[in-house]
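> Got a structure for you, written out below as structure tokens; questions coming shortly.
There are 2 protein chains.
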Amino acid sequence: MTVTRRHTDVETAVLAAARAAKEAQPALARLHRSQKDALLLAMADALVERSTEIVEANAHDLAAADASGMEAGLRDRLALSEERVAAIAQQLRDAAALPDPVGEVVRGGLLDNGLELRQVRVPMGVIGMVYEARPNVTVDAAGLSLKAGSAVVLRGGSAALHSNTALIAVLRSVLAAQGLPEDLVIGIDEHGRDGVDVLMRARGLVDLLIPRGGAGLIRRVVENSLVPVIETGTGNTHVFVDASADLEQAAAIVHNAKTQRVGVCNSLETLLVHADVAERALPAIAAGLVEAGVRIHADEQAGEILAAAGVASEPATEEDWDTEYLALEIAVRVVEDLDAALEHIRAWSTGHTESILTADLRSQQRFLTEVDSAVVMANASTRFSDGGEFGFGAEIGISTQKLHARGPMGLTEITATKWIVVGQGHVRP
Amino acid sequence: MTVTRRHTDVETAVLAAARAAKEAQPALARLHRSQKDALLLAMADALVERSTEIVEANAHDLAAADASGMEAGLRDRLALSEERVAAIAQQLRDAAALPDPVGEVVRGGLLDNGLELRQVRVPMGVIGMVYEARPNVTVDAAGLSLKAGSAVVLRGGSAALHSNTALIAVLRSVLAAQGLPEDLVIGIDEHGRDGVDVLMRARGLVDLLIPRGGAGLIRRVVENSLVPVIETGTGNTHVFVDASADLEQAAAIVHNAKTQRVGVCNSLETLLVHADVAERALPAIAAGLVEAGVRIHADEQAGEILAAAGVASEPATEEDWDTEYLALEIAVRVVEDLDAALEHIRAWSTGHTESILTADLRSQQRFLTEVDSAVVMANASTRFSDGGEFGFGAEIGISTQKLHARGPMGLTEITATKWIVVGQGHVRP
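Here the protein sequences come in this chain order: A and B.
For what it's worth, the UniProt record's numbering labels the leading residue of the first sequence as 1, then goes sequentially.
For what it's worth, the UniProt record's numbering labels the leading residue of the second sequence as 1, then goes sequentially.
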């Protein structure tokens, strides 16, 4: 790689930001829960008080988005109003209401020799967040990181530069007003994608990097990061309708999983139906989906059943099995039995969330045990695969990796632990 | 990188090994604890029965080590005797006696909407271990991986090639005898360092890579691995003798931490002594160390105190603060106070283990809270920073990273979790 002048400047600036965050973090680590909560509540108040200036900054981003013809869904996620700023502030209040994970004794006891041993939760240190042009994530990530005792380096999408700058300025002013280092929250949006490259290599300064976004961003971070990463992956999720499923329930769950919210990682992408009930189950399920405007990509057998029932579908290809549509589209396949369903899932799942709909205890047991995904379900919509639904109060993302955190991540998942050993002059025999 | 013929062969062979391990693993995952324990006990018996052939194989490695002038500490870690093989077999029996981490419910309960939610421990899948020429690690790693439900791909140091090959052959013969796939335990020593390069990139086949060894090996793995890594770091450990320390206890603990076993990561490397007690503490501590043959690298103040007491020392440089001797050498520094000790540790520690010797509650509290290491101790020898001592039964390594596992790693640390959600037709409102 040619080191250009510009790249060198970015490297210097981003490493300085990460170092500043690292040096600021001990001041946060010394705070007790009540002080951290007071900080978050003050930040919420400040966001509401200064919402006019935040919305004005957002208007600059929106104008640029309109000029570049940004897609409607993305524009909606970028847009702020006074109401949305109030909702963002509420996320901080929600975070304040959550228990503090720091200090929790995970395990502990007295060893045979009288040594006192305990494993306790401690702050991670410095967390790097790389995400898309969603200003609410800026505040949410900052609030959760601070509550968990960590400083945070934020890199949102360039399209949200003005909004993020305004939001971060408010958060930093509250830190300063409370006598805390402003650098507990640092944005590096101004340094663009080069800044992410530097952040990924800031080993020793950044303790954890969490990429949230498209598959390309996540792959780039996973393949290039020297900093430990939690992969928040794509959700090519599956529902398997077993032969014994309650078919009315199945139609309702599939409808909910596909259409209750489109464009999120826990929405349904591929429906697998046991051959024994395909003729009875598919027409009703498909009718509901079509009514909601869902395009159906069906394998040959499913396509024939649907055609006989007067429901239109397109032929599914391997690409459909591999696609996270994030849209009103679904892939449908008829499988011979549970084993065939498990095989399809093993071949195509991204390991996010899969659900079996069944009344058979042995099928349920095998599915829950043998499917190697972050979240496995029985008789429930995949849309429940969510930190909020799990009762975490907040969600940093959904991890599809096995290391450290798997599935929805709340405050606990962004802490580390350490071991404390207290003796009375103990030496090892 | 030029792809040579040889490299291609290595790549094919190592990827085939990883794939074989991945395909073998479900057979292990289906076993209950009693079956896994029987396997480990049979392996222990087989090792003892065949210890003569193992020691013979080891003799080849030792002869080569002697010819190449291997350093004494390393040679000690390489050497096997019938007694040491028996001790290695005992570690398998200890592992068999441990609770099975798989299936443990970590968290769980009923959500407000009646959904049943639980987080359970599941096998990691395939674990890759890259380590030094320590044959006992081969058996330890295999035994713990199997108990935790994972297949294991082993790459020990080339200097232990004959020993490892003999040990792995015994383990595989027991797998075959019990009707299990031999490929649950695979060695790739024959492919040398190129094999490690391939293993690091086997994303999707290997779920976790654990490097144990010198700083160079660990850096190479951390910087190049696409597979998630747990860094088992070097142990530049510190003991701080506070002003209030019981000096007799201090001398005993320092002696134990430095000399009870040399060449292991939890042995002491740098001694920090509070200036207020340096003149009283250092002569007695140093006398014991010198008697044990320890070379002392002292800062100016410590050197003067030692000289006045008739104890020889060499001047310490920054390199000494940065060195993990793994030998009968120690760095000694007199520090003004607790803050200076904390500052030295912050600057030079590898985050492995540090211990304060003190009678002052506030000093202990600050040290345990502010030192950001995997294991922090008070009034105990750093040699207790060990999975066996912690009651884990055996130890895979000591993690110095914050993600997933930190400190000594036992069975729990090499499992993953998944979330199980059971509903009765639940859809998200």
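Even glycine gets a Cβ: it sits at the ideal position worked out from N, Cα and C.
Source: prediction; values computed, not measured.
1. For the stretch 221-238 of chain B, list every residue whose C-beta sits within 7 Å of some C-beta in chain A, in sequence order.
2. Per the contact definition of three or more C-beta pairs closer than 8 Å, is the stretch 234-247 of chain B in contact with the stretch 339-358 of chain B?
3. What separation, rounded to the nearest whole angstrom, lies between the Cα atoms of Asp9(A) and His191(A)?
4. How far does the beta strand (DSSP E) with Ile296(A) in it reach, from first residue to last?
5. Identify each residue in the stretch 374-385 of chain A for which the Cβ-Cβ distance to at least one residue of chain B is less than 7 Å, and report them in chain order.
6. Determine the DSSP secondary structure at Gly423(B), reduced to helix, strand or coil.
7. Tell me which same chain residues have a C-beta within less than 7 Å of the C-beta of Ala27(A), skipping the five on either side of it?
8. Does the structure place the stretch 264-275 of chain B close enough to the stretch 321-337 of chain B that three or more beta carbon pairs sit under 8 Å?
9. What does the alpha-carbon distance come out to for the pair Asn164(B) and Glu104(A)?
10. I'd like the ranges of any beta strand (DSSP E) spanning at least 3 consecutive residues and lying wholly in the stretch 90-123 of chain A.
11. Quick one: which residues of the stretch 395-426 of chain A get their C-beta closer than 7 Å to a C-beta of chain B? List them in chain order.
12. Restricting to Cα atoms, I'd like to know which of Val427(B), Val421(B) and Arg428(B) is closest to Leu110(B).
13. Could you tell me the alpha carbon to alpha carbon distance between Val106(A) and Asn379(A), rounded to whole angstroms?
14. Establish whether the CB of Arg280(B) and some CB of chain A are separated by less than 8 Å.
15. Spell out a yes or no on whether the stretch 17-25 of chain A and the stretch 197-213 of chain A are touching, meaning 3 or more CB-CB pairs, one atom from each, closer than 8 Å.
16. If I follow the unbroken beta strand (DSSP E) through Asn379(A), where does it start and stop?
17. With DSSP collapsed to three states, give me the class of His32(B).
18. Taking Glu329(B) as part of the beta strand (DSSP E), name the residues at either end of that continuous run.
19. Looking at C-alpha atoms only, which residue of Trp348(A), Ala298(A) and Ala284(A) is the closest neighbour of Ala292(A)?
20. How would you label Gln424(B), buried or exposed, when you count the other beta carbons within 10 angstroms and need 16 or more for buried?
21. Between Glu319(B) and Arg295(B), what straight-line distance do the alpha-carbon atoms span, to the nearest angstrom?
22. Which same chain residues end up closer than 8 Å to Ser225(A) when comparing Cβ atoms and leaving out the 5 residues on each side of it in sequence?
23. In terms of alpha-carbon separation, which member of Arg428(B), Val311(B) and Gly108(B) lies closest to Trp419(B)?
24. With 8 Å set as the bound, which would you pick, yes or no: does the beta-carbon of Asp76(A) sit closer than that to a beta-carbon of chain B?
25. Specify whether the stretch 369-384 of chain A and the stretch 338-350 of chain A touch according to this definition: at least 3 beta carbon pairs, one from each stretch, less than 8 Å apart.
26. First and last residue of the alpha helix (DSSP H) that includes Pro283(B)?
27. Are Ala281(B) and Val170(B) closer than 8 Å when you measure CB to CB?
28. Listing by chain order, which chain B residues have their CB less than 9 Å from the CB of Ala252(A)?
29. Over the uninterrupted alpha helix (DSSP H) stretch that includes Ile345(A), give me the two end residues.
30. Tell me Val126(A)'s beta-bridge partners as DSSP assigns them.
31. So with CB distances below 7 Å, who are the chain A contacts of Met124(B)?
32. In chain A, which residues lie less than 7 Å from Phe392(B) when you measure between Cβ atoms?
33. Beta-carbon separation of Ala278(A) and His162(A) under 8 Å?
34. Tell me, to the nearest whole angstrom, how far the beta carbon of Phe390(A) is from that of Arg428(B); I am working on the premise that it is less than 8 Å.
35. Note down, in chain order, all residues in the stretch 82-97 of chain B with a beta-carbon under 8 Å from any beta-carbon belonging to chain A.
36. Using the rule of at least 16 other Cβ atoms within 10 Å of the residue's Cβ for burial, across every protein chain shown, is Ile414(B) buried or exposed?
This is what the structure holds:
1. Val222, Glu223, Leu226 and Pro228
2. yes
3. 9 Å
4. Arg295 to Ala298
5. Ala374, Val375, Val376, Met377, Ala378, Asn379, Ala380, Ser381, Arg383 and Phe384
6. strand
7. Leu180 and Pro181
8. yes
9. 41 Å
10. 105-110 and 116-123
11. Gln401, Lys402, Leu403, His404, Arg406, Gly407, Ala416, Thr417, Lys418, Trp419, Ile420, Val421, Val422, Gly423, Gln424, Gly425 and His426
12. Val421(B)
13. 32 Å
14. no
15. yes
16. Val375 to Ala380
17. coil
18. Glu329 to Val335
19. Ala284(A)
20. exposed
21. 15 Å
22. Met200, Arg201 and Leu209
23. Gly108(B)
24. no
25. yes
26. Ala275 to Glu291
27. no
28. Gly425 and Val427
29. Leu338 to Trp348
30. Ala151(A)
31. Lys402
32. Result: empty, since nearest Cβ-Cβ is about 11 Å, beyond 7 Å.
33. no
34. Rounded, the Cβ-Cβ distance is 12 Å, inconsistent with contact.
35. none
36. buried
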